[in-house]
Each structure stands twice: as C-alpha cells, then as structure tokens.
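In this note's numbering, the protein residues as written are 53 to 308.
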C-alpha cells in the first residue's frame, strides 16, 4: 500500500488540475463549481480587512459561508490542499521531476544543503493583508498564480500577459531552488500553516522502529524532522513522501 500512495496522489493532482482549469469558473478571489460558490480563505481574509468591498450584512454572511468549507477542511486535514490539489505545487513537482531526470541541480542548492530563508511566507501573508487594508480590496488576488490558472476558462484559455509573466516567474524560480515560491513566498501556504496549527488528523509520526537516520527530513519538501521530539507538523502538506520512502518503515499515519 505504501508504494501506491504517490501514484494515487499524482492522479488526484492531475484530476484537480483539470477540474480547476476546465470546470471551475474563477473570479478575483473565489470560484464556482456546479453552481456552488466558494471563497478562497486568503481572499476572504482580504475582503474582511478591506471592508470597503462589502457594505451589507448579507454580503458578509455570504463571504463567511462560502469560505467556511475550505477553512474547516484545512482545520481537519491540514495543508493537504498544497500536496494533493494546488495546481502550482503540481506543476512545481513536475518541474522538479524533469530537473532530476536531466541531472540539473538548482543554483541555490549547489554547495549548500537545505538552504533556509526562514518563514518568509508569513511576511508575504502580512504584506498581502496590509495591502488589502490600505487599498480596500483583495489586491493580491489580481496577482495570485493559483487564481491565474483558475481564470483561464473565463478568459477563453488565454491568460493575460501579466498573468503569464507571473506564472513564468513562479515556475522559473525552481531553477534557483525547488518549489521556491511554495516554500518561501506563497501567502496561501502561510495562512494554511496557521490554520493547521490545530489540525490533529492524518498526521505522520515516527514510531519505535525509527533510527533517527534523518531520511524523513531530507526528503520532506518542508524539511520536517519526524525523528525529533514534537516536530512542528503545521507545515506538513500530507504528501506522505516520508511514509512511502522511510527505509525502515518507521512512519505511521495517525488518523485521529
């Protein structure tokens, strides 16, 4: 079963990519599927801060209701969106696979292992929220690469030049470091980390077979040291790479 998880995850990633690209109608910070509207949590937060966007209680209630589903899902299963559904992460993983097969080593990783910039995602998140308060609008959603993909259908599959440039910069950053945008700049990831602080479901843990070989830390996209005592699991994307690749089979998944 362990070896089947990653192929299953990649299939789900493809399905979500197709769903977001061809079946979802995206707007600035929300999308509709089958007549049901959802508001992305970061978009909802920007609207709440930039109060000039809505002026009636009905709009506020709709905003909270349309974002509640995604917030509750994150609280329950953590950052699973990032590893199982996010189109940006999916493309970044594909680029990482191509670079590995072509024996290309990202520039930022040459001569220095596990380069760290710190949790700059939170700085980006703070900047996005501040921009919403100053501008009175969901300013970030105009530049969000996830939104750029969701909006392709409404724009006839032709993304505006600015959005093409944004996606190009996000994906080309992999040449410097794998998943650079996801690890250091994505404000959505930063917000999901905060929401995941209280998530206690489907959490990978090291069991008694663990030999502290640090393989989990080296293969984890977020560099989480499962072998240590009480590692911070709020950054875990539930990709389960540690579960499928631990050489000693020492990683278990705590469902509850």
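All C-beta atoms, glycine included, are put in the ideal place defined by N, C-alpha and C.
As the structure is a computational prediction, the values presented were derived from the model and not from experiment.
Original post:
Does the beta-carbon of residue 295 have 16 or more other beta-carbons within 10 angstroms, so that it is buried, or is it exposed?
Top reply: buried
**OP:** Return the chain-ordered list of same chain residues with a C-beta closer than 6 Å to the C-beta of residue 292, the five sequence neighbours on each side being excluded.
**Re:** 57
**OP:** Quick one: measure Cβ to Cβ for residue 102 and residue 189, integer angstroms, because I've assumed they're closer than 8 Å.
**Re:** 5 Å
**OP:** Note down the Cα distance separating residue 222 from residue 139, rounded to an integer number of angstroms.
**Re:** 12 Å
**OP:** Check each candidate in 271, 299, 67 and name the one with the smallest Cα separation from residue 137.
**Re:** 67
Subject >> DSSP-derived helix/strand/coil call for residue 69 >> reply: helix
Original post:
Below 9 Å between beta carbons: does that hold for residue 160 and residue 228?
Top reply: yes
**OP:** Please classify residue 119: is it buried, with 16 or more other beta-carbons within 10 angstroms of its beta-carbon, or exposed?
**Re:** buried
**OP:** Can you give me the Cβ contacts of residue 286 inside the same chain, cut-off strictly under 6 Å, excluding the 5 residues immediately before and after it?
**Re:** 245, 248, 249
Original post:
Given residue 254, which residues of its chain have a CB within under 8 Å of its CB, disregarding the five upstream and five downstream residues?
Top reply: 129, 130, 132, 290, 305, 306, 307
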